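Down below is the structure, laid out as structure tokens.
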Amino acid sequence: MTETVSSLAALLGGRVVGNGSQPIVGVADLRMAGADRIGFVRDVKYRDAARATKLGALIVYEELDTQAAQIVVADVGLAFAKVALHFHPVPRAKQHSIHPTATVHPEARLEAPVEIGPNAVVGKVVVGAGTVIMAGAFVGDGTKIGRDCVLYPRVVCYHGLSLGDRVVIHAGAVIGSDGFGYARDGAKWTKVPQLGSVRIDDDVEIGANCTIDRGAIGDTKIGARTKIDNLCHFGHNCVVGEDCAFAGATFVAGSTVFGDRVTMAGHVAIAGHRKIGDDVRVGGNSCVLFDVEEAGDYMGYPLVEKRKWIRLMAAQRDLLELQEQVEGLRRAIEGGGNGSNPKA
Amino acid sequence: MTETVSSLAALLGGRVVGNGSQPIVGVADLRMAGADRIGFVRDVKYRDAARATKLGALIVYEELDTQAAQIVVADVGLAFAKVALHFHPVPRAKQHSIHPTATVHPEARLEAPVEIGPNAVVGKVVVGAGTVIMAGAFVGDGTKIGRDCVLYPRVVCYHGLSLGDRVVIHAGAVIGSDGFGYARDGAKWTKVPQLGSVRIDDDVEIGANCTIDRGAIGDTKIGARTKIDNLCHFGHNCVVGEDCAFAGATFVAGSTVFGDRVTMAGHVAIAGHRKIGDDVRVGGNSCVLFDVEEAGDYMGYPLVEKRKWIRLMAAQRDLLELQEQVEGLRRAIEGGGNGSNPKA
Amino acid sequence: MTETVSSLAALLGGRVVGNGSQPIVGVADLRMAGADRIGFVRDVKYRDAARATKLGALIVYEELDTQAAQIVVADVGLAFAKVALHFHPVPRAKQHSIHPTATVHPEARLEAPVEIGPNAVVGKVVVGAGTVIMAGAFVGDGTKIGRDCVLYPRVVCYHGLSLGDRVVIHAGAVIGSDGFGYARDGAKWTKVPQLGSVRIDDDVEIGANCTIDRGAIGDTKIGARTKIDNLCHFGHNCVVGEDCAFAGATFVAGSTVFGDRVTMAGHVAIAGHRKIGDDVRVGGNSCVLFDVEEAGDYMGYPLVEKRKWIRLMAAQRDLLELQEQVEGLRRAIEGGGNGSNPKA
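Chains as they are written, first to last, in our numbering: chain G, 1 to 344; chain U, 1 to 344; chain V, 1 to 344.
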């Protein structure tokens, strides 16, 4: 695919500086080379690198001193993402093809074109046009997959799930496994069958080796456009809103409900049966034990406002000194309360 | 399968109120509809919902005001689990079937009936009757699997393992991978071959994408009826007792020994070479660095009694105020020790 | 394979005590039996067990009172690892074999001998001699795998990766999945295509169900001889040095750079865009939020020197008592600053 600086500027609604007719065939890092490649400069600190670049074009936040053609935009990161996606779109099925080693249920309803890779196992399902099911993926009976989805190799979707359009699931993720439900029978555990399902809305992306359990009776739900990084877990009956982002290794116990635009910054643990409001943002390595209803930035364990956590960490680091100060005060008071310096 | 309220009451040892001959074909949530479905009310707060229910029957903790037939039992949660399991039993092989795309070693000893799904790979193993090995699962040479087990899609069991009866392993779990053993050779690591195995006893259930490493020389062992949630890890030579429960994303380093009826509430990290006694219960997001021999409820990092942790979290949240108080006291003492209010 | 005590002593550079011509066919635990097996005694506390051993030979740190032949070495653990590896080498392809159920791209370049297992899917790749690709593994187009590597069952290597020689990847690990990169577009996330790759150098071992994301534009890199335990995650553009060790469930956000000989002791969370220097060692369950440039032992959250963390944990455990002491001091001062015992 060949574009020009001008055609890309039109895509971005940006302003061209320099040679708009420069052909562009792909993106690159500022420090790479290629007259037919476009890079980006997000920040004044890369000004010198921009001047020295061997790329043919740059997406920039303001006009810079460089031989490269430039596209000036308001949001460089977003603009670069759009150009990169233009050259490297998410995989889509273009012609109907089922690999001869795939096992597809004779009553599966595949809306052509669908691509099914080697050794994939697809039950009695419904799959929308444009969807790619890669090598070794498994889709259980009764699951419905929308259009233009991508299941990367070795993804497992259990039975009876519902995926919207343009859902992307990375390798090794398991969707619809049994929730962790047991009832005590004296000293023993009796399994509570997990009879609900998982509903994943449009444009959700799920990372490698994640696990999202099916609901106990109702469904586990992931709202539209929510993005989930690798090795995250969502327990049964969680309900996640729209436009959320969960960074890697975030663990959510069952039945917790999230609003929209929630972000978790990685390695966060969230208790079950909690309510997390819209626009709650939690810093990395935090633990959410209680409801967090009000929008804002939170962090730590115990979870507090992020700014407070920064101060609390410093206080925790100084805890030995605080103990010493208290001991000094005690000695000063016991020694006569005479105002001698308790720090001495 | 059709039952009646009375036949289910007999199964549960419960007391029938209302129409015992009401046919029941499945379970449902209280707020769903269906004259042939049975739901449950565990708690007084669902009394109004019980009155309005459109289900044909309810399992209840006491007789309620409702049109639905009722089965009164002592433990509603357990009773509902039993009824749900009755209608939705764990998968079992009923007729011997090996999918033509499966690869089974010619000397594998399969006690009919066994079901082996598409693209499963089964080495020179022993498999008991009733066991289901689903699509794409892998079982290495020398592994012995008992009766009525379920290996969900893409489960990997390395070579030489031993699984009891009715063991259930969810998709993507890996059993018997090498323990993390290396010896320092100057600045370099030399691998210590992991020559032990994994022994999983009867009625264990293991969640999706868990990893349980084989022992270094001896075996890693998971005791009977223990339940393990998704994305948990057990290092080499761990020995887990019976009737334990490990909620999701719990990480156990090598050689730690657990008693019976231990519970970990999710996202708990446990150091290696520790001893955890019978009936130890650890709250979520805790870190177990030292032995915990005495039964009881623990939580936090540092791990303390759960009740104390609740108070410690409050104290941690108030640490900045404590620092200010100490600073106020210091000023009061330095200012003359005259008894002026150090809070002022 | 049969050795003798003397031939093994030569391999180890150790000194023989007793019957050097004793044949040895394998290793065993000190408490097992077998005249043709060799065990080890690392420590004075196993002296009695050494005296009672039924093994034919022992690797020992000094000459012991035992009937077994002995090999005296300086580093028992390392010597045992070497002997065990001698009898149980890492799997290597000895004869070229592609299982008939494997799907191999016709233009894949396989340097014989390579072993490819059942249902493996291998794209247009380059694979070096001696490499074993086990059942159900997936290798995407453009990936280059060196010599004597092992991909255990169900490993997924996305497209365009580069693996050195003797790289071992355990079951279920996913290498080269998309990094977690999105640009905000108002309330929505726009995907940033992940166009870099993953480069894994010689002698790296990666545990079961790990995930290592490809770089955004540049590459994610894992340095030579680095060992990674199960369920670890490395985000896009991380650069890991040589001879590092990451114990299980360690989570590394994107773009963090590690020096050489770094160790993380398990369940450690590491923020993105950080710099971790050579010989930094971090204890289990820690959180690394900031750069750690200086070599040494660190632990905790907030991360401090390990010795300090041990004391900080004790102080945290005593926080309620500290609050009480401060309250006692306040009362003592308010009560007249008369030197009465504030502890009373």
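Note that the Cβ used here is the ideal one computed from N, Cα and C, for glycine as well.
Computed from a predicted model, the values in this text were never measured in an experiment.
Please state whether the Cβ-Cβ distance between U/V257 and U/T226 is less than 7 Å.
no
Of all the options G/D318, G/A253, G/A33, which has the alpha carbon lying nearest to the alpha carbon of G/K54?
G/A33
If we call anything under 7 Å between Cβ atoms a contact, is V/N119 one with V/A93?
no
Inter-residue CB distance, G/A81 and V/A183 (contact presumed, cutoff 8 Å)
4 Å
Let me make sure I understand the geometry here. Which of V/A84, V/F40, V/V83 has the alpha-carbon closest to that of V/L64?
V/F40
Could you check which residue in U/N209, U/R330, U/D185, U/T143 has the C-alpha nearest to that of G/A173?
U/N209
Quick one: does V/Q325 have its CB under 7 Å from some CB of chain G?
yes
Would you decide whether G/Q323 is buried or exposed? Buried here means 16 or more other CB atoms lie within 10 Å of its CB.
buried
Identify each residue in the segment 230-263 of chain V for which the Cβ-Cβ distance to at least one residue of chain G is less than 7 Å, and report them in chain order.
L231, H233, G235, F251, A253
Expected contact under 8 Å - CB spacing of G/V380 and G/G259 to nearest Å
Residue 380 of chain G cannot be examined here, being either before or after the span of chain G that is shown, 1 to 344.
Beta bridge counterpart(s) of V/C238 as assigned by DSSP:
V/C238 pairs with nothing; no bridge assigned.
For U/K350, count the other beta carbons within 10 Å of its own beta carbon; 16 or more makes it buried, fewer makes it exposed. Which is it?
Lying before the first or after the last residue shown, residue 350 of chain U is absent from chain U, which here runs from 1 to 344.
Inspect the CB distances between the segment 296-303 of chain V and the segment 315-334 of chain U and report whether three or more fall short of 8 Å.
no
CB contact below 7 Å: G/Y182 versus chain U
yes
Note down, one range per segment and in chain order, each beta strand (DSSP E) of at least 3 residues found wholly within the segment 111-194 of chain V.
174-177, 182-185, 188-191
Classify G/S286 as buried or exposed, calling it buried when 16 or more other Cβ atoms lie within 10 Å of its own Cβ.
buried
When burial is assigned at 16 or more other CB atoms within 10 Å of the CB, is G/R261 buried or exposed?
buried
Taking CB distances under 7 Å as the criterion, tell me whether V/I116 reaches chain G.
no
Using alpha carbons as the reference points, say which of U/S177, U/K124, U/P193 lies closest to U/P106.
U/K124
In chain order, what are the residue ranges of uninterrupted beta strand (DSSP E) at least 3 long that sit wholly in the segment 56-103 of chain U?
69-72
To the nearest angstrom, report how far apart G/K188 and U/C244 are at their CA atoms.
9 Å
Please decide whether V/L163 counts as near chain G, where near means a Cβ-Cβ distance under 7 Å.
no
Give me the subset of the segment 95-123 of chain G whose CB atoms are less than 8 Å from a CB atom of chain V, sorted by chain position.
H99, T101, G117, P118, N119
Beta carbon of V/S177, beta carbon of G/H159: below 7 Å?
no
Return helix, strand or coil for U/A35, following the three-state DSSP convention.
strand
Pop quiz: V/A144 and V/V155 are said to be a contact at Cβ under 8 Å. What is the actual Cβ separation, rounded to whole angstroms?
Checking the displayed sequence, the identity of residue 144 of chain V turns out to be Lys instead of Ala. Their Cβ separation, rounded to whole angstroms, is 15 Å, which puts V/K144 and V/V155 out of contact at 8 Å.
Are G/V16 and G/S7 closer than 7 Å when you measure CB to CB?
no
Please give me, in chain order, every unbroken run of the beta strand (DSSP E) with length at least 3 that falls completely inside the segment 4-32 of chain U.
15-17
Could you work out which residues of chain V lie near U/G136, taking near to mean beta carbons separated by less than 8 Å?
N119, G136, R154
When the distance is taken between beta carbons, is V/G235 closer than 7 Å to V/G248?
no
Figure out for me which residue from U/L12, U/R109, U/T211 has the closest Cα to the Cα of U/V198.
U/T211
With a CB to CB cut of under 7 Å and the five nearest residues on each side skipped, what residues in its chain are close to U/V192?
G181, Y182, A183, A216
Here's the rule: buried if 16 or more other CB atoms are within 10 angstroms of the residue's CB, otherwise exposed. What is G/G128?
buried
Taking just the CA atoms, how far does U/A314 sit from G/W309?
14 Å
V/F138: buried (16+ other C-beta within 10 angstroms of its C-beta) or exposed?
buried
Would you kindly work out how many angstroms separate the C-alpha atoms of G/P186 and U/V114, rounded to a whole number?
The residue asked about is misnamed: residue 186 of chain G is Gly in this sequence, not Pro. For G/G186 and U/V114, the distance between alpha carbons rounds to 32 Å.
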